[in-house]
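Working notes for the structure below.
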Amino acid sequence: MTDAELLEKAYDRLDDVLAKEWSKRADDAPYSDPYQALIMASLVEKETGVPQERGQIAGVFVRRMQIGMLLQTDPTVIYGLGERYTGKLTRAHLKEATPYNTYVIAGLPPTPIAMVGREAIHAALNPVPGKSLYFVARGDGSHVFSDDLDAHNSAVREFQLKRRADYRSSPAPAATPAVPEAAGQAPETPAAPGPETAPASAPQAAPEPAATPAPAEPVPEPAAKSPQ
332 MTDAELLEKA YDRLDDVLAK EWSKRADDAP YSDPYQALIM ASLVEKETGV PQERGQIAGV
392 FVRRMQIGML LQTDPTVIYG LGERYTGKLT RAHLKEATPY NTYVIAGLPP TPIAMVGREA
452 IHAALNPVPG KSLYFVARGD GSHVFSDDLD AHNSAVREFQ LKRRADYRSS PAPAATPAVP
512 EAAGQAPETP AAPGPETAPA SAPQAAPEPA ATPAPAEPVP EPAAKSPQ
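Structure follows, in structure tokens:
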């Protein structure tokens with residue numbers, strides 16, 4: 332099988348999975364077509380590797396969209412930077428206007444930012460209901476979800492301190508270590524992950540993104556299918 336044939340087979344399988352999941356979507360799923368759901372699934376795929384959290388992550392993003400909040404998810408910023416991303420996300424990056432920067436644009440990015448599995452698609456089309464609008468990483472791959480900004484900021488402080496304590500208790504490496512990632516650091520330090528960085532408490536309006544070089548080649552759009 333050639334590379335082109337393998338790619339076509341993977342594309343057809345993804346298209347089939349998306350169509351089947353779309354037909355079983357929640358009644359209140361907030362997407363006008365399957366492609367929007369695929370975009371959301373790519374955000375979920377990049378934000379968590381914990382199966383039980385996928386629906387919760389989707390729920391946070393859906394609720395943010397419903398009340399006009401920015402999604403503020405770091406993987407979209409990284410995708411928009413393309414080859415300019417070198418492993419350290421800064422506050423300047425979060426302010427840079429690209430078509431994919433969800434700290435700047437309202438709603439979903441224009442295309443998926445990653446390949447996705449069935450589980451992420453299912454989560455995007457069946458977001459877990461609730462009130463949480465924020466989440467912060469515990470440091471073990473899982474997240475703490477919060478309903479309001481005060482609770483979120485408290486969780487951020489708790490896990491910042493834990494990360495710093497863990498870092499200081501580790502043996503010093505030969506080279507000078509990089510400053511560990513944490514929310515609320517000075518501009519020279521890496522920025523905190525998207526929803527872990529608290530947005531303004533009120534819904535935000537997004538400015539028009541500035542023209543930028545084209546980002547990495549996006550995932551191709553599946554063939555159009557009629558919603559069921």
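Numbering (the working numbering), first residue to last: 332 to 559. Glycine included, C-beta positions come from ideal geometry on N, C-alpha and C. Note that the coordinates shown come from a computational prediction; the quantities given were computed from them, not determined experimentally.
Check	Outcome
Cα-Cα separation, residue 379 to residue 333	32 Å
DSSP state of residue 416 mapped onto helix, strand, coil	coil
Alpha helix (DSSP H) segment containing residue 589, residue limits	Since the first and last residues shown for the chain are 332 and 559, residue 589 lies out of range.
Cβ-based neighbour list, residue 438, same chain, cut-off 7 Å, excluding 5 preceding and 5 following	396
As assigned by DSSP and simplified to three states, the class of residue 408	helix
Simplified DSSP assignment, three categories, for residue 468	strand
Between the CA atoms of residue 407 and residue 560 - distance to the nearest angstrom	It is not possible to answer for residue 560, since the shown part of the chain is limited to 332 through 559.
Spatial distance of residue 411 from residue 402 (CA atoms)	15 Å
Three-way DSSP call (helix, strand, coil) for residue 463 in this model	coil
Closest Cα partner of residue 474 within the set 449, 384, 394	384
Straight-line gap, residue 344 to residue 367 (C-alpha atoms, nearest Å)	18 Å
Beta-carbon proximity of residue 463 to residue 478, cut-off 7 Å	yes
Touching by the beta-carbon criterion (3+ pairs, under 8 Å), the segment 428-435 and the segment 452-460	no
Three-state class that DSSP yields for residue 487 in the structure shown	helix
Extent of the continuous alpha helix (DSSP H) run through residue 373	365-378
Simplified DSSP assignment, three categories, for residue 435	coil
Bridge partner(s) assigned by DSSP for residue 354	Note: residue 354 sits in no beta bridge, so no partner.
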